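Residue numbers (my numbering), protein chains in the order written: chain A, 7 to 262; chain B, 2 to 15.
By construction, the Cβ of each residue, glycine as well, lies at the ideal position given by its N, Cα and C atoms.
Keep in mind that this is a model prediction, so the values were computed, not measured.
Encoded as structure tokens, the structure appears first; notes follow it.
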């Protein structure tokens, strides 16, 4: 297995976006790309990352391999790469390590690191294809700010989607808060658009703690998609055009 | 606070 990115920045951001939620995980490498699927320790959230082979500068995977890696260790290794350095990952069949090589574009500095692989049981959850009742596309910075603001007042947020607006509400010991975002088009700046596709109205409650973990992916993508159906996990997708995506799933809180 | 079921309730292990 050998995969090269032109710039380390994307991989650094991907690891930063998931390492606090899932500690150790397996990267599944096939000829179509690298992916991981992992639950957080409390089994409430699920992370799915896909890095497509087309998004790499060069990519080769002769035999499918599952590489068990501590994401904190991977973040440490990636700290040694400059944002504009190229990154090459190499793993040979049956080897217990993965190699990272970083090269500056002027080629005057090359650094190499070897990370020990871990044995990790890989059990994947089956994520069904779902027709969601409501899909909201919005700037990722808006979601990050909304979740951070509401976290000051409560632990949970109720997200309600109607035809032309989406409402985030919370309440706690000191009071209540809500943020309403209305659909807005923008032909010249599509990344600032708020688009709401509503088949059925949805209202779901989630723990803000997890949403705040998810919005760590905001530096990867200007936009985010919230896909919701009643009594179904929320899907928060940060698309990376040409490269892949990070999808987070979160179980809703249920009424007693 | 309302209970939060594990994600496997919705997406069982394959």
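- Residue 183 of chain A has a beta carbon lying at 8 angstroms or more from every beta carbon in chain B.
- DSSP places residue 172 of chain A in the strand class (E or B) of the three-state scheme.
- Rounded to the nearest angstrom, the gap between the Cα atoms of residue 113 of chain A and residue 10 of chain B is 51 angstroms.
- For the beta strand (DSSP E) assignment, the uninterrupted runs of no fewer than 3 residues enclosed by the segment 189–223 of chain A are, from N- to C-terminal side, 201–204, 208–213.
- Going by beta carbons, residue 177 of chain A and residue 211 of chain A fall outside the 8 angstroms limit.
- For residue 107 of chain A, the uninterrupted beta strand (DSSP E) segment begins and ends at 103–109.
- The alpha-carbon of residue 143 of chain A is positioned some 27 angstroms away from that of residue 130 of chain A.
- Rounded to whole angstroms, the gap between the alpha carbons of residue 42 of chain A and residue 250 of chain A is 12 angstroms.
- Per DSSP, the beta bridge partners of residue 34 of chain A are A:41, A:72.
- DSSP places residue 124 of chain A within a strand segment (E or B) once states are collapsed to three.
- A straight-line Cα-Cα distance of about 31 angstroms links residue 59 of chain A and residue 238 of chain A.
- With a beta-carbon spacing of about 16 angstroms, residue 184 of chain A and residue 208 of chain A fall beyond the 8 angstroms limit used to define contacts.
- Membership of residue 167 of chain A in the beta strand (DSSP E) is indicated by the continuous run 162–167.
- Residue 88 of chain A sits in coil when the DSSP states are folded into three classes, being neither helix nor strand.
- The beta-carbon distance between residue 12 of chain A and residue 110 of chain A, rounded to whole angstroms, is 12 angstroms. This is too long to meet the 8 angstroms contact definition.
- Taking CB atoms only, residue 234 of chain A has no neighbour in chain B less than 8 angstroms away.
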